[in-house]
Ligand SMILES: Cc1cc2nc3c(=O)[nH]c(=O)nc-3n(C[C@H](O)[C@H](O)[C@H](O)COP(=O)(O)OP(=O)(O)OC[C@H]3O[C@@H](n4cnc5c(N)ncnc54)[C@H](O)[C@@H]3O)c2cc1C
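Numbering (my numbering), first residue to last: 740 to 1096.
This is the structure we're talking about:
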């Protein structure tokens, strides 16, 4: 049985008069959108702040055209773009409010208490917002790593995300990179009839063996231990000089060599980080700062849309429970208190035993 009732809200509600938001969510990727739906369905006023001009996160910005095949319920797959649009529409219907082109700068503590909750001040590059709970869902990947040797050309033929090209028939595509994103890009270009060369810096691929096998079976040429040493325009195409001494002519170059990490933002937020610089969370997805949760790629080992959704939903429900039950009855605090009490009793018993010896 569900623990809530979805109530039709009046969509003419003026959110401008709210003294504070119940929940502010940072990032409109899969994790943030799923969290926002969940809190709004439970009647919590919910604001999502997104640095880009559109919702969707990585599926929208990095692989809008890719057919995603591992989302339960979509046996024929669904593109990143369509999936993002569907979840966004669902959030809008639930009266989630969005602010685009706004980047989170800081989350500050305040002295203002609202029903047991010390309010947080969420500072963006444009405004500040007061919130009872904050959910960080801004992903781990910020900007794609660039290749200076190609950047100096300032060419329209160089892409750092999968380009929206429907048919590459007769075109030569060079993919730079050895991970899953690079291999996915190679498969997509091959499926769209391109001649594909994959340049890998190391001796082996870091991506899935089965995707590499698909690239090779579909006619892709893989160059191991090879990098671009120089590049220049050759008519409408690019001439790429490689470290093995050969030259590749390429109409399109897709570079997928990883991302710069979001470590700087995380450090600014003053939350405890794991050794790999991701955000540390407890089993309730709460960070080292009370009332600040973190979900999706920002902390997890498993970076998948369905996992980001699931975590967003769980954090939203824990935030809801904290908001709707008194502090001292709240499930998490009770559990923590119980563990502390039991721990206390065990250490006292151990002390007594030592004294008796
Ligand atoms: C090439 C590629 C292919 C993939 N294919 C699949 C697949 O087939 N199936 C699958 O399940 N998963 C796939 N993934 C992984 C999946 O996309 C991620 O696990 C998922 O997007 C994580 O969701 P998220 O909401 O945590 O983060 P993100 O999707 O990264 O969303 C975070 C959002 O926060 C915003 N943001 C960042 N910083 C700030 C800030 N300071 N202020 C405000 N907003 C901010 C970002 O602009 C972004 O919109 C793929 C990933 C890549 C790179």
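Glycine included, C-beta positions come from ideal geometry on N, C-alpha and C.
Note that the structure is a prediction, hence the values are computed from the model and not measured.
If you draw a straight line from the C-alpha of residue i to the C-alpha of residue j, how long is it?
{"i": "residue 853", "j": "residue 871", "result": "7 Å"}
{"i": "residue 1072", "j": "residue 1058", "result": "12 Å"}
{"i": "residue 849", "j": "residue 1026", "result": "17 Å"}
{"i": "residue 1096", "j": "residue 1083", "result": "20 Å"}
{"i": "residue 775", "j": "residue 947", "result": "33 Å"}
{"i": "residue 941", "j": "residue 862", "result": "42 Å"}
{"i": "residue 847", "j": "residue 778", "result": "22 Å"}
{"i": "residue 814", "j": "residue 821", "result": "15 Å"}
{"i": "residue 960", "j": "residue 937", "result": "6 Å"}
{"i": "residue 868", "j": "residue 991", "result": "43 Å"}
{"i": "residue 950", "j": "residue 944", "result": "10 Å"}
{"i": "residue 999", "j": "residue 887", "result": "15 Å"}
{"i": "residue 919", "j": "residue 997", "result": "10 Å"}
{"i": "residue 1029", "j": "residue 978", "result": "55 Å"}
{"i": "residue 855", "j": "residue 893", "result": "54 Å"}
{"i": "residue 1080", "j": "residue 1088", "result": "12 Å"}
{"i": "residue 746", "j": "residue 829", "result": "Annotation note: pLDDT 46 at residue 746 (below 50); position unreliable, coordinate value reported separately. The alpha-carbon atoms of residue 746 and residue 829 are separated by roughly 14 Å."}
{"i": "residue 1048", "j": "residue 1040", "result": "14 Å"}
{"i": "residue 1031", "j": "residue 906", "result": "45 Å"}
{"i": "residue 835", "j": "residue 1090", "result": "54 Å"}
{"i": "residue 1007", "j": "residue 1086", "result": "37 Å"}
{"i": "residue 857", "j": "residue 1062", "result": "11 Å"}
{"i": "residue 1037", "j": "residue 966", "result": "31 Å"}
{"i": "residue 740", "j": "residue 1020", "result": "Here residue 740 scores only 39 on pLDDT, less than 50, and its place in the model should not be relied on; the value that follows carries that caveat. Each residue's Cα considered, the two are about 28 Å apart."}
{"i": "residue 928", "j": "residue 759", "result": "48 Å"}
{"i": "residue 763", "j": "residue 898", "result": "33 Å"}
{"i": "residue 957", "j": "residue 921", "result": "15 Å"}
{"i": "residue 844", "j": "residue 986", "result": "45 Å"}
{"i": "residue 825", "j": "residue 851", "result": "37 Å"}
{"i": "residue 798", "j": "residue 981", "result": "31 Å"}
{"i": "residue 964", "j": "residue 917", "result": "10 Å"}
{"i": "residue 742", "j": "residue 1011", "result": "Here residue 742 scores only 49 on pLDDT, less than 50, and its place in the model should not be relied on; the value that follows carries that caveat. One C-alpha to the other measures close to 31 Å."}
{"i": "residue 984", "j": "residue 968", "result": "9 Å"}
{"i": "residue 1017", "j": "residue 1064", "result": "30 Å"}
{"i": "residue 1060", "j": "residue 859", "result": "18 Å"}
{"i": "residue 1009", "j": "residue 930", "result": "45 Å"}
{"i": "residue 1022", "j": "residue 827", "result": "27 Å"}
{"i": "residue 809", "j": "residue 1093", "result": "57 Å"}
{"i": "residue 1075", "j": "residue 1013", "result": "21 Å"}
{"i": "residue 748", "j": "residue 816", "result": "Note that residue 748 scores 49 on pLDDT, short of 50, meaning its location in the model is unreliable and no value can be drawn from it."}
Bridge partners of residue i, per DSSP?
{"i": "residue 1032", "result": "874, 1025"}
{"i": "residue 763", "result": "786, 873"}
{"i": "residue 847", "result": "860"}
{"i": "residue 987", "result": "979"}
{"i": "residue 883", "result": "998"}
{"i": "residue 914", "result": "937, 993"}
{"i": "residue 961", "result": "937"}
{"i": "residue 772", "result": "Paired residues: none, contrary to the question."}
{"i": "residue 836", "result": "786"}
{"i": "residue 1012", "result": "1018"}
{"i": "residue 949", "result": "According to DSSP, residue 949 bridges with nothing at all."}
{"i": "residue 806", "result": "818"}
{"i": "residue 967", "result": "981"}
{"i": "residue 973", "result": "976"}
{"i": "residue 898", "result": "993"}
{"i": "residue 867", "result": "862"}
Would you grab the beta carbon distance between residue i and residue j for me? Rounded to a whole angstrom, and I think it's under 8 Å.
{"i": "residue 903", "j": "residue 803", "result": "7 Å"}
{"i": "residue 900", "j": "residue 800", "result": "6 Å"}
{"i": "residue 842", "j": "residue 790", "result": "4 Å"}
{"i": "residue 805", "j": "residue 819", "result": "6 Å"}
{"i": "residue 911", "j": "residue 988", "result": "6 Å"}
{"i": "residue 837", "j": "residue 787", "result": "5 Å"}
{"i": "residue 925", "j": "residue 915", "result": "10 Å between Cβ atoms; not a contact."}
Measure from the alpha carbon of residue i to the alpha carbon of each residue in the options, then state which is nearest.
{"i": "residue 1042", "options": "878, 1063, 837", "result": "878"}
{"i": "residue 795", "options": "808, 869, 876, 755", "result": "876"}
{"i": "residue 908", "options": "935, 883, 923", "result": "935"}
{"i": "residue 973", "options": "896, 1006, 952", "result": "896"}
{"i": "residue 933", "options": "1080, 954, 916, 1001", "result": "954"}
{"i": "residue 756", "options": "764, 766, 784", "result": "784"}
{"i": "residue 761", "options": "1094, 1055, 915, 1086", "result": "1055"}
{"i": "residue 832", "options": "773, 1001, 1064", "result": "773"}
{"i": "residue 891", "options": "1020, 922, 971, 1011", "result": "971"}
{"i": "residue 889", "options": "994, 927, 807, 793", "result": "994"}
{"i": "residue 1112", "options": "864, 983, 1001", "result": "A question about residue 1112 goes unanswered here, because the residues of the chain that appear run from 740 up to 1096."}
{"i": "residue 768", "options": "1074, 1094, 1051, 1077", "result": "1051"}
{"i": "residue 1004", "options": "864, 827, 811", "result": "864"}
{"i": "residue 1024", "options": "1014, 1013, 1017, 1053", "result": "1053"}
{"i": "residue 1035", "options": "816, 874, 923", "result": "874"}
{"i": "residue 765", "options": "1094, 1033, 976", "result": "1033"}
Could you check if residue i belongs to the surroundings of ligand 2, using beta carbon to heavy atom distance under 6 Å?
{"i": "residue 903", "result": "With respect to ligand 2, the structure shown offers nothing to examine, as its ligands consist of ligand 1."}
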